[in-house]
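Just so you know, the sequences run in chain order U and D.
Take 739 as the starting number for the first sequence in the numbering used here and just add one per residue.
Take 127 as the starting number for the second sequence in the numbering used here and just add one per residue.
Read through the structure below, which is laid out as structure tokens, and then see the notes.
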Amino acid sequence: KAGVTQTPRYLIKTRGQQVTLSCSPISGHRSVSWYQQTPGQGLQFLFEYFSETQRNKGNFPGRFSGRQFSNSRSEMNVSTLELGDSALYLCASSLERGARGFTSVKGSYNEQFFGPGTRLTVL
Amino acid sequence: SQQGEEDPQALSIQEGENATMNCSYKTSINNLQWYRQNSGRGLVHLILIRSNEREKHSGRLRVTLDTSKKSSSLLITASRAADTASYFCATLGAASGGSYIPTFGRGTSLIVHP
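Structure below.
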């Protein structure tokens with residue numbers, strides 16, 4: 739099976755612009771989660787989508803949003819970019835919908851498979 | 127705030143030596159995982175240990191879990207230059223809305239010198 743793919747791999751934007759990142763999950767995976775990784779804050783959970791609905795959300799402002807399509811592909815959008823949004827954005831897919839952390843709603847471990855990330859630089 | 131905190135932040139060793147990394151967490155957990163990340167790339171799942179397990183092995187990896195101390199350790203034996211990467215522990219943490227979200231520590235950067 740092909741792994742998780744993310745496009746684009748690198749992106750440069752200026753403050754105030756908006757950006758859309760794309761993620762294609764592993765075939766058959768229905769859940770897509772997004773993470774932001776920065777040197778200062780580390781790896782932080784943004785949100786999870788399952789069956790085209792946002793199921794869980796981390797502690798990020800409303801400028802960060804996402805959506806999921808019927809084929810499970812997902813996009814995330816950041817509006818009004820700030821310098822601090824420069825980061826590696828990682829997408830992860832899993833078979834089931836998450837519940838508590840990495841546990842699925844069925845109570846089993848819901849392993850996440852990560853893509854290579856999109857490196858966003860905001861100037 | 128970060129749920130897991132790894133210690134040390136950075137570790138530099140020679141090939142063939144063992145590398146030990148520690149992780150502490152705050153909430154009750156169902157399981158704890160360790161991931162590896164090669165420079166600026168995606169994470170790769172290494173090993174999972176469940177809350178009712180105390181030790182687990184996978185190849186050259188050994189993970190221990192002490193739920194009473196809310197800590198875990200990852201031991202890489204007979205390290206190789208290819209083990210050079212950042213290592214993260216991951217478990218669950220609380221989001222502002224009261225839900226539980228996947229939460230990663232800040233990671234230990236391991237450099238293995240040939």
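Cβ coordinates follow ideal geometry from the N, Cα and C atoms, glycine included.
Around residue 179/D, the same chain offers 191 as residues with beta carbons nearer than 8 Å, after the five sequence neighbours per side are excluded.
Residue 181/D has its alpha-carbon roughly 33 Å from the corresponding atom of residue 787/U.
Within the stretch 211 to 223 of chain D, those residues whose Cβ lies closer than 9 Å to any Cβ of chain U are, in chain order, 214, 216, 217, 218, 219, 221, 222, 223. For residue 220/D, the enclosing beta strand (DSSP E) begins and ends at 211 to 220.
For residue 766/U, the three-state secondary structure derived from DSSP is coil.
Between residue 849/U and residue 824/U, the C-beta spacing is not below 8 Å. Within the stretch 134 to 160 of chain D, 155, 156, 157, 159 place their CB atoms closer than 8 Å to a CB of chain U, listed in sequence order. Annotation: Cβ neighbours of residue 227/D in chain U (cutoff 7 Å, chain order): 783, 794, 796, 839. Rounded to whole angstroms, the Cβ separation of residue 174/D and residue 161/D is 10 Å, and the two are not in contact under 8 Å. The shortest C-alpha to C-alpha distance from residue 851/U to any of 149/D, 170/D, 200/D is the one to 170/D.
When rounded, the separation of the alpha-carbon atoms in residue 740/U and residue 764/U is 6 Å.
Separation of residue 198/D and residue 145/D (C-alpha to C-alpha, rounded to the nearest whole angstrom) is 14 Å. Beta-bridge partners of residue 173/D (DSSP): 160/D. Between residue 759/U and residue 813/U a beta carbon distance of about 7 Å is seen, short of the 8 Å cut, so the two are scored as contacting. Taking 8 Å as the CB threshold, residue 171/D lines the interface with chain U. In this structure the stretch 200 to 214 of chain D lies against the stretch 223 to 238 of chain D, because at least three pairs of beta carbons, one per stretch, are closer than 8 Å.
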